[in-house]
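Protein chains in written order, with the numbering used here: chain A, 2 to 372; chain B, 368 to 693.
In what follows, a structure is listed as structure tokens, so that the remarks can point back to it.
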């Protein structure tokens with residue numbers, strides 16, 4: 002068995018090194034102002050704060066679960082900021098940074114993990130579909146949506162692009178591979194954005210793939226590229242190019258953002274059971290936020306007051322997230338029957354009515370002194 | 368000799384016993400290896416039996432079941448874990464079109480000694496797709512055996528019986544009861560313990576039969592204790608396909624009333640099938656219609672509402688009251 006493909010060193014697109022030095026790449030020129038880089042820094046810091054607050058809220062029993070994005074901020078902010086308003090994103094369940102870029106309020110995300118809602122936001126309004134938990138399902142939805150964009154004549158100059166987020170684990174699913182193929186044969190305006198965070202719960206990348214993930218695209222007939230997922234500038238440039246390619250009618254691209262899940266899979270997981278702490282230390286040196294700060298400092302593009310102001314803003318965001326989470330009301334019991342069907346349904350109507358009577362019987366019993 | 372085990376640990380011990388007994392028994396699934404599964408049901412098996420027999424698969428449920436079918440064709444007895452009920456559905460094609468039909472298609476030349484373990488049911492405050500009760504789909508599918516355990520003793524023995532079966536067995540594990548603990552007689556033999564297809568009378572009574580399985584057995588027993596006005600007989604159905612109507616009908620003929628409780632949705636649920644059958648076979652013994660207490664015909668709600676959605680003690684008692692209203 003030949004292992005050539007597996008052992009060939011893949012190219013990693015990087016525009017900002019972990020040390021904070023800017024690099025040029027001939028295929029991905031990035032025209033970006035200092036102000037825009039400062040804005041990206043702000044996004045990264047605030048999103049990390051939302052995430053760490055959510056982890057704490059889960060520990061305090063305010064959330065049932067939380068899937069932390071720690072370490073993946075650059076992949077999400079870089080790609081999220083590459084999207085235009087009319088573009089459409091199909092997330093998995095960890096895309097809190099992309100949600101932030103699409104204007105989703107953190108409390109909407111928290112509501113789902115608190116168990117008061119299964120979604121909350123309007124996907125059409127926000128250009129951001131609901132979180133999808135069944136692994137890989139959304140890749141087909143994104144592809145179908147993109148096929149709709151084609152039929153609307155919305156591909157071409159100033160066209161609309163679609164992006165689907167998923168992880169390394171999802172590349173094993175049939176749905177994801179079917180999505181690659183549907184997108185390819187239809188030349189659909191979709192970007193497949195894989196955050197390869199190296200771990201699918203306890204299973205390392207080797208359990209999912211023998212070749213670098215981005216190379217799978219070649220077999221389906223469209224380009225694939227691996228980008229440093231901890232480099233917000235490279236993620237921005239590469240995703241923007243892929244989206245532009247899609248929106249102008251040149252078909253799909255697979256972007257593999259090479260990153261690392263610095264936290265647990267979710268708050269229920271204990272990574273010490275299956276991975277080495279040394280691996281985490283290695284990735285801490287490649288932290289996605291630190292390198293932007295270094296760049297800004299090295300080049301005199303931000304002073305201490307700027308960083309202090311961002312930290313203070315993060316404190317405020319954290320406080321807001323805590324307050325909003327704790328004050329989120331539980332839904333009414335009869336909410337169970339809401340929006341199951343578009344049209345009236347006799348089963349639902351009957352069960353709602355019976356359940357309302359049942360609940361009322363406790364109130365009556367309470368008034369009479371109880372059962 | 369007895370050992371005090373939780374349901375989760377009892378399944379683990381049963382898997383271990385089956386693997387020790389037969390080198391053809393394999394465990395396959397997502398995170399079942401080094402992690403020991405997200406509920407730790409396969410804890411320690413990877414260490415003791417190695418990666419050839421405890422296989423961390425790629426993240427692909429159709430792949431897991433499809434390759435397990437291939438393993439079975441090659442003479443192995445795979446025990447696959449589907450991590451959560453809601454993640455079974457990507458494997459539906461392999462299960463319904465291939466696994467369930469293989470024996471019949473091959474006129475008996477091919478057997479499918481495959482066990483599919485699925486942690487199922489609600490009540491753990493989870494996000495979407497982690498609280499489903501899909502048993503009716505399995506019960507409706509000819510060619511599958513479907514069982515659910517409700518206590519550590521059954522957990523220990525039924526997993527071994529399921530693995531010995533030459534037919535595919537859907538083995539439903541009540542995830543919110545994984546930590547329930549009890550004595551398990553691990554010294555008995557597979558021949559002595561209650562057969563896999565049999566229901567079990569969990570509590571004797573004379574006025575009404577209350578039927579449950581999996582996570583609802585505990586609730587049913589609590590309801591029987593709570594109802595001081597009536598003598599309630601509780602039956603743990605254990606096997607949903609085939610159903611042990613001998614035990615159920617005999618009980619109904621004694622008590623004259625039947626209430627069926629499950630977490631699966633009402634319409635087309637296991638209760639509907641059992642009610643129809645009991646009505647046919649015990650019609651002249653029934654003092655009241657068969658009453659079902661089930662989840663509503665809606666998608667599983669957000670977790671803050673699950674206490675209303677899942678049949679609880681009060682809803683089961685309400686069902687019993689309805690049976691006595693006739």
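A virtual CB, placed ideally from N, CA and C, is assigned to each residue, including glycine.
Looking at the C-beta of residue 371 of chain A, does it have a partner C-beta in chain B at a distance below 8 Å? Below a pLDDT of 50, predicted positions are generally treated as unreliable, and residue 371 of chain A, at 43, falls in that range; the measurement from the model is reported next regardless. For residue 371 of chain A, not one C-beta of chain B is nearer than 8 Å to its own C-beta.
Please state the DSSP three-state secondary structure of residue 537 of chain B. Secondary structure at residue 537 of chain B: strand, using DSSP grouped into helix, strand and coil.
Verify the CB distance criterion: does residue 523 of chain B have a CB-CB separation below 8 Å to chain A? No, its Cβ sits nowhere closer than 8 Å to a Cβ of chain A.
Which stretch, first to last residue, makes up the alpha helix (DSSP H) that contains residue 248 of chain A? Per DSSP, the unbroken alpha helix (DSSP H) holding residue 248 of chain A starts and ends at 233-248.
Is it buried or exposed for residue 414 of chain B, if we count other Cβ within 10 angstroms and need 16 for buried? Using a 10 angstroms sphere on the CB of residue 414 of chain B, the tally of other CB atoms stays under 16, which defines it as exposed.
Going by C-alpha to C-alpha distance, which of A/22, A/128 and A/27 sits closest to residue 291 of chain A? Nearest option by C-alpha distance: A/22.
CA-to-CA distance, residue 541 of chain B to residue 370 of chain A, given in whole angstroms: Here residue 370 of chain A scores only 48 on pLDDT, less than 50, and its place in the model is too uncertain to base an answer on.
Classification of residue 374 of chain A by the beta-carbon crowding that lies within 10 angstroms, buried from 16 upward: With chain A covering only 2 through 372, there is no way to say anything about residue 374 of chain A.
Please tell me whether residue 114 of chain A has its Cβ less than 8 Å away from any Cβ of chain B. With 8 Å as the cut-off, residue 114 of chain A counts as an interface residue toward chain B.
Does the separation of the CB atoms of residue 610 of chain B and residue 604 of chain B fall below 8 Å? Taking a C-beta distance under 8 Å as the contact criterion, residue 610 of chain B and residue 604 of chain B qualify as a contact pair.
First through last residue of the alpha helix (DSSP H) which encompasses residue 616 of chain B: Per DSSP, the continuous alpha helix (DSSP H) segment holding residue 616 of chain B begins and ends at 612-622.
So, under 8 Å CB-CB, residue 454 of chain B and residue 496 of chain B are touching, yes? Tell me the CB distance rounded to an integer number of Å. By a beta-carbon distance limit of 8 Å, residue 454 of chain B contacts residue 496 of chain B. Their separation comes to about 7 Å.
As a quick exercise: from A/35, A/323 and A/71, pick the residue whose alpha carbon is nearest that of residue 287 of chain A. Out of A/35, A/323 and A/71, A/71 has the C-alpha closest to the C-alpha of residue 287 of chain A.
Consult DSSP for residue 359 of chain A and reduce its assignment to one of helix, strand or coil. Helix at residue 359 of chain A.
Residues in the same chain with beta-carbon distance under 7 Å from residue 463 of chain B, minus the five sequence neighbours each way, listed in chain order, please. So the qualifying residues of the chain are 508.
Once you ignore the five residues that flank residue 658 of chain B on each side, which residues in its own chain have a CB closer than 6 Å to its CB? Answer for residue 658 of chain B: 626, 686, 689 and 690, listed in chain order.
Would you say residue 687 of chain B lies against chain A (beta-carbon separation less than 8 Å)? Answer no: the Cβ-Cβ gap between residue 687 of chain B and chain A never drops below 8 Å.
Segment contact, 8 Å Cβ cut-off, at least three pairs: the segment 310-327 of chain A with the segment 664-672 of chain B: With a cut-off of 8 Å, the segment 664-672 of chain B and the segment 310-327 of chain A do not count as touching, because too few Cβ pairs lie within range.
Please list the partners that residue 171 of chain A has in chain B, where partner means a Cβ-to-Cβ separation under 8 Å. Below the 8 Å Cβ cutoff, chain B contributes 426 as neighbours of residue 171 of chain A, in chain order.
For residue 258 of chain A, report the span of its beta strand (DSSP E) as first-last. Element bounds for residue 258 of chain A: 254-259.
So, does the CB of residue 332 of chain A fall closer than 8 Å to a CB anywhere in chain B? Residue 332 of chain A counts as touching chain B.
Tell me which residue opens and which closes the beta strand (DSSP E) that residue 483 of chain B is part of. From DSSP, the beta strand (DSSP E) with residue 483 of chain B extends over 482-487.
Could you check which residue in A/271, A/191, A/79 and A/311 has the C-alpha nearest to that of residue 141 of chain A? Closest in C-alpha terms to residue 141 of chain A, from the list A/271, A/191, A/79 and A/311, comes A/191.
Using 8 Å as the threshold, is the C-beta distance between residue 226 of chain A and residue 254 of chain A below it? A contact, by the Cβ cut-off of 8 Å.
Output needed for residue 616 of chain B: all residues of its chain with C-beta closer than 6 Å, excluding positions within five of it in sequence on either side, in chain order. Closer than 6 Å at the Cβ level, and outside the excluded window around residue 616 of chain B, lie 648 and 649.
For residue 249 of chain A and residue 156 of chain A, the rounded distance between their alpha carbons: Each residue's alpha carbon lies about 6 Å from the other.
Chain A beta carbons: is any one of them nearer than 8 Å to that of residue 465 of chain B? By this cut-off, residue 465 of chain B is not an interface position.
On the DSSP letters alone, give me the boundaries of the beta strand (DSSP E) that residue 369 of chain B sits inside. First-last of the beta strand (DSSP E) with residue 369 of chain B: 369-373.
Inter-residue spacing [alpha-carbon to alpha-carbon] between residue 104 of chain A and residue 260 of chain A: Cα to Cα, the separation comes out at about 24 Å.
Sufficient close CB pairs (3 or more, under 8 Å) joining the segment 530-548 of chain B to the segment 480-496 of chain B: They touch, by the three-pair rule.
Contact check, residue 385 of chain B vs residue 526 of chain B, beta carbons under 8 Å: Their beta carbons are under 8 Å apart, which means residue 385 of chain B touches residue 526 of chain B by this criterion.
Chain A within 8 Å of residue 496 of chain B, Cβ atoms only: With respect to chain A, the C-beta atom of residue 496 of chain B has a partner C-beta closer than 8 Å.
Which whole-angstrom value is the C-beta distance of residue 65 of chain A and residue 116 of chain A, which I expect to be below 8 Å? That belief holds up - the Cβ atoms of residue 65 of chain A and residue 116 of chain A are roughly 5 Å apart, short of 8 Å.
Under 8 Å between the Cβ atoms of residue 654 of chain B and residue 612 of chain B? No, Cβ-Cβ distance for residue 654 of chain B and residue 612 of chain B is not below 8 Å.
Boundaries (first-last residue) of the beta strand (DSSP E) holding residue 393 of chain B: Note, residue 393 of chain B: beta strand (DSSP E), 392-396.
Taking DSSP as the reference, what is the three-state secondary structure of residue 266 of chain A? The answer is coil: DSSP assigns residue 266 of chain A none of H, G, I, E or B.
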